[in-house]
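Chains as they are written, first to last, in my numbering: chain A, 1 to 837; chain B, 1001 to 1160.
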C-alpha cells in the first residue's frame, strides 16, 4: 500500500515539474515570438514565483506530516497545482501582479501552518461563532460607507488600510458556513437531526449578509452567500425541497436585480445574447469567448497567445487565459483538478462522524465548487457573468486567503474523519451535491470544447478578434503587384512591426484595404487566404507550423491584371471628377484598368474610416462595379442587336430611339429580352463586390420609355456590366468572365487561377460583326457615347478595338456636369491597346 | 526553428506533467473507491461489534462468527444486550456479497447508524457506530496479518 504522505509528495513533485516546464516555456516564448534568442525581462519573475511556490509546497507538506498525518493526500497537491498554474498565468499577463501574488502565497502559506496548529476541535470557533459572524457582517457593512472601489463607478467592495486592501465578503463567505454548521449540528446524538427553530439564526444572518451584498451591488457574492445558506439548510435537514426553494430564491434575486439594477440587467442580457452589443456591454464575454476560440484544442502555448486582450484576465477571466494558452486539453485538465478538490471535500463530509464537521466540510467544498463554476461558466457563457474570483487561480490576496482557510478546514477535518472508507453510508444530500458538481464541471468542459473547437473557426475571424492585428505584425503578408510587376500593396518593416504600404492611390478601388477594425475590402479581401499564406498549403502543414510550433505562415505574393500606369494616367485624366473607368480584354476577361473616383487612401483608412463612410460622395463605393447609373443612349447598340437577331425592318440602320420605342410598344417583352440577354439583370460574378438592380423591369408606356432613353428611368447598370455587354460585340458574341488575378506564386511556379464565373454567349457572331460595322469609327476602333442631358447627367463613353482576337473594351462614366468622357476613354483605349504587345 | 522545437518540447512536457498528475490522482481515487466498496481482506479478517460505554471506553466485544447475527435483548442472540431500551430482537447483521449489512427489525427505539436512523438495509464499514436504544456499538474489522492502511480502524477511543 502507498503511504498517503508519499503519494502527496509524488503529486507535489509532478506539480513542481509542471511549474518548471511552464516557466521554461514562458521564457522560451519571447524567442519564438522574436525569431532570435531573447528573453522578455518581465517573464524572468517566473523564476522567483517558481521558487516561492516550491518552498511553500515543501513547508506545507512537511508541516502537515507532523500536524495531520492522516489527512487526505489529494487536497494539498490539487490546491497547490491550481495555485501554481494561476501564478504562471499571472506572470505572463502582468508580472507585477504575479510578484504580489507570490508574496501573498508566501504569507498565507505561513498562515495556513498556524491555522493547522490550532486545536482541532474548533471549539474556539464554535464558542464565539456569533462574534465571528457578527464582525464579518459588520466589515461587509462598513464597505458601504468607507469602502474602496476598483474604479470610479465600480462597486466599492474593499476595505483599504494603508495600501493594503481587503475584501470582507471573502471572509464572510467561509465564516458563514462554519457558523451555520455549529448552529445546525445537533450537539447531542439525537435521531431527528436539528430542530426547525435552530435554522432561525442561520436564516436571519444569511438573509442579512445577502442583503448587504445586494446593497453593494455584488451579485456574485450575494449568489455565493445564498448558496452557502441553502447548502447549510439542505445538508442539515436533508430535504430536496430546500434545494428547489434555494434555486427559486436565486431566480427571484436575479429577477429583482433585472428589474432594478442596470448592471444586472446588462449582465443577464449579454448572457442571453452577447452578439448584439459586442463592443460595449458584452465586450468582456465576447472577448473571453474569442480568447477560448483562439486556443483551440492544444492552445497557443504559454506566452504565445494574447489572453491580455480580455479585460481583467488576471482575475475574472483567468480561465479564458488557460483555454487560450493551454487549449481545451489544458482547460479540461484544470477542470478535472477542481472537480477532484470539490469531490474529495464532499467525501470528507461523508466520512465525518461529527455532524458539525460533516456540515463544514460539505458546505465549504460545495461553495468552492459553486464559485469556480460561477466564474468559469460566466466566461464560457454558460451562466450570466458574476464578478467572483476563480479560487486558487485568480489574483487577489483576500481570495487566496479564503481558499487557504477552506483548504485548512478540509485538511483538518479529513485528518479527523475515521480512516475507514465509508462511501456506502446513506448521505443523500452529499451524494446529490457530488453528482451535481460532477455534471457542472463536465458541462464546463463541454462548453470549453464547444467554443474552443466547434465554434472556433467562426469566432477567430471576427473583426473584433484583435489577435489578427497582432498576427499581422508578426506574419509577412504577401505583396500585390500589377501585371508589369510594379508594386500596388507591399508589406514593409521587420518581423514584429510589419506595416502595409500602398504606393498607388489610384488603384485603391481594386486593392481595397486590410485593417484590424474594419476588416478587409477589395482584392486584399478576395486574396486574403493567399496573401496570408494559407491557401495552397495543406492543412496539416499549416496547423503544424502555426499552432504547434508557433511560426507564422509566410504570405505569398500575387500579381493583378491591372496596369498601374493606366490607372495613374486615367486617374490623372479624370482630374477631380467623380466617376468610373473600366478597361478589359474582351476575349480573356483580364481587367486592365478599373478606376473609381473619389476614392480613399488604404494606408490611412484605419483612422479615416468613420469619416469616409459618412462622406456623401461615397469614396468607399467602387463606382466601376457597384455604381449604378442610368444608361440611356448607351443601350441603343443592344436594342439594335436584338432587332438584327429578330430580322426587324431597318434593324441595321443608324442607331436611334424612334424605332426602338415603336418595337417596344408593339412587343412589350422586346425590351426585357434585351436586358436579360446582355445580363443587365445579373451580378457579374468577379473578385470584387458588384451590384445590380434587384428587379430590373423595362417600363411600358411611351412617356416612360422616353425617360429611359434620357437615362432618367428605372433601368440602372454599372460600368462593369456595360463593359461586359460591349465585350460581346467586340469579341464575336461572347462576354468574358472578368478577372483581376494575373498570376499567383506557388511552389510549382506561377499559376493563373480560374475566374470567378464563366464566359457568356450573348449574341451570335454575325450579329456582333454587324454591330462592329455600325459602330466602327476607323483606325481599328469603334465607339459609342451618351452624354449630357440625354443620359441624366452622366457622360458615358464606350470604345473598343475592332481587330484582334482579344480586343480591348473601355467604358467611362462621369458624373455631374457634361464632360469629355470620350477624350479620357480614347486615351485609355490607346494606352490599353498596347499593353502586353 | 530550434527555439520553436524547444518550445514544443516544453509544451509536450507540460501536458505530460498535467496528465501524469491527473492519472496519479485518479489512481488514488480508484484505490480509495475500491477500499470503500468493501474489498475487505477475505480469509484473515476478523469482524466484531464492540460495545462502548458512554465515556467511549470499551465495555466488551461481540465477535461476529456466523454469516448472519442478531442484536437484541434475548439472551439466545449472538449480540445479546441486557438493556430495557433494546427490543427483544432489535436488528440484524449479515454478510452478503463480501460485505456486512445492517437492518433494523422494527425495533421500538430504532437503530441509528452514525446518528442516522436506519430505515433500510445498509452497508457497514469499519469504524461505523451503531446505536440500538441507548447502547452504542462499533463495527470493527481486524486483520491480524497486515491490514491495508486505508481501512485500518483508527481513533476507536474518541467519544461520539
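In this text, a Cβ means the ideal position worked out from N, Cα and C, and glycines have one as well.
Query                                                                                                                            : Result
Minimum Cβ-Cβ distance from residue 1091 of chain B to chain A less than 8 angstroms                                             : no
Reduced DSSP category for residue 257 of chain A - H, G, I as helix; E, B as strand; rest coil                                   : helix
First through last residue of the alpha helix (DSSP H) which encompasses residue 815 of chain A                                  : That residue, residue 815 of chain A, is in no alpha helix (DSSP H); it is neither H nor E in DSSP.
Top-ranked residue by Cα proximity to residue 46 of chain A, from A:91, A:224, A:221, A:28                                       : A:91
Minimum length 4: unbroken alpha helix (DSSP H) runs contained in the stretch 531–576 of chain A                                 : 539–543, 564–573
Residues within the stretch 63–87 of chain A neighbouring chain B, beta-carbon criterion of under 8 angstroms                    : 70, 73, 74, 77, 78, 81
Those residues which DSSP pairs with residue 124 of chain A across a bridge                                                      : DSSP output for residue 124 of chain A lists no bridge partner at all.
Residue 21 of chain A: contacting residues in chain B (beta-carbon distance under 7 angstroms)                                   : 1010, 1013, 1014, 1017
Closest by C-alpha distance to residue 773 of chain A, when choosing among A:59, A:529, A:641                                    : A:641
Simplified DSSP assignment, three categories, for residue 1051 of chain B                                                        : strand
Below-8 angstroms beta-carbon distance, residue 53 of chain A vs any chain B residue                                             : no
Chain A contact residues for residue 1065 of chain B, given Cβ-Cβ distances below 7 angstroms                                    : In chain order: nothing, as chain A lies at least about 21 angstroms away.
Any C-beta of chain B under 8 angstroms from that of residue 191 of chain A                                                      : The predicted position of residue 191 of chain A is uncertain, since its pLDDT is 47 and thus under 50; a value taken from the coordinates is nonetheless stated next. By this cut-off, residue 191 of chain A is an interface position.
Run of the alpha helix (DSSP H) containing residue 673 of chain A, from where it starts to where it stops                        : 669–677
Proximal residues to residue 842 of chain A (C-beta, below 7 angstroms), its chain only, five neighbours per side dropped        : There is no way to answer for residue 842 of chain A, as the model of chain A reaches only from 1 to 837.
Option nearest residue 249 of chain A by Cα separation, candidates A:228, A:235, A:263                                           : A:228
Under 8 angstroms between C-beta atoms of residue 589 of chain A and residue 738 of chain A                                      : yes
3 or more residues per run - each beta strand (DSSP E) lying fully within the stretch 203–282 of chain A                         : none
is_contact[residue 333 of chain A, chain B] using C-beta, thresh 8 angstroms                                                     : yes
is_contact[residue 7 of chain A, chain B] using C-beta, thresh 8 angstroms                                                       : yes
Inter-stretch contact at 8 angstroms, needing at least 3 Cβ pairs: the stretch 315–326 of chain A / the stretch 45–63 of chain A : no
Minimum Cβ-Cβ distance from residue 1006 of chain B to chain A less than 8 angstroms                                             : yes
Run of the alpha helix (DSSP H) containing residue 631 of chain A, from where it starts to where it stops                        : First-last for residue 631 of chain A: undefined, no H or E at that position.
Under the three-state DSSP convention, the category residue 430 of chain A falls into                                            : helix
With 16 other Cβ atoms within 10 Å as the buried cut-off, status of residue 502 of chain A                                       : buried
7 angstroms Cβ shell around residue 479 of chain A - same chain, five flanking residues per side excluded                        : 487, 489, 490, 491, 557
Within chain A, partners of residue 1058 of chain B - CB distance below 7 angstroms                                              : Those do not exist, as residue 1058 of chain B stays about 16 angstroms from chain A at its closest Cβ, beyond 7 angstroms.
Distance, residue 312 of chain A Cα to residue 349 of chain A Cα                                                                 : 35 angstroms
Chain A contact for residue 1047 of chain B (CB, 8 angstroms cutoff)                                                             : no
Whole-angstrom distance between residue 1029 of chain B and residue 432 of chain A, CA atom to CA atom                           : 19 angstroms
Of the listed residues A:684, A:535, A:509, nearest to residue 523 of chain A (C-alpha basis)                                    : A:509
Cβ-heavy atom distance, residue 461 of chain A to the ligand SAM, below 7 angstroms                                              : Annotation note on the ligand SAM: not contained in the displayed structure, which lists no ligands.
Beta carbon of residue 315 of chain A nearer than 8 angstroms to that of residue 372 of chain A                                  : no
Neighbour list for residue 1024 of chain B in chain A, Cβ cutoff strictly below 8 angstroms                                      : 7, 10, 11, 14
Own chain residues within Cβ distance below 6 angstroms of residue 206 of chain A, not counting five before or after             : 229
Classification of residue 128 of chain A by the beta-carbon crowding that lies within 10 angstroms, buried from 16 upward        : exposed
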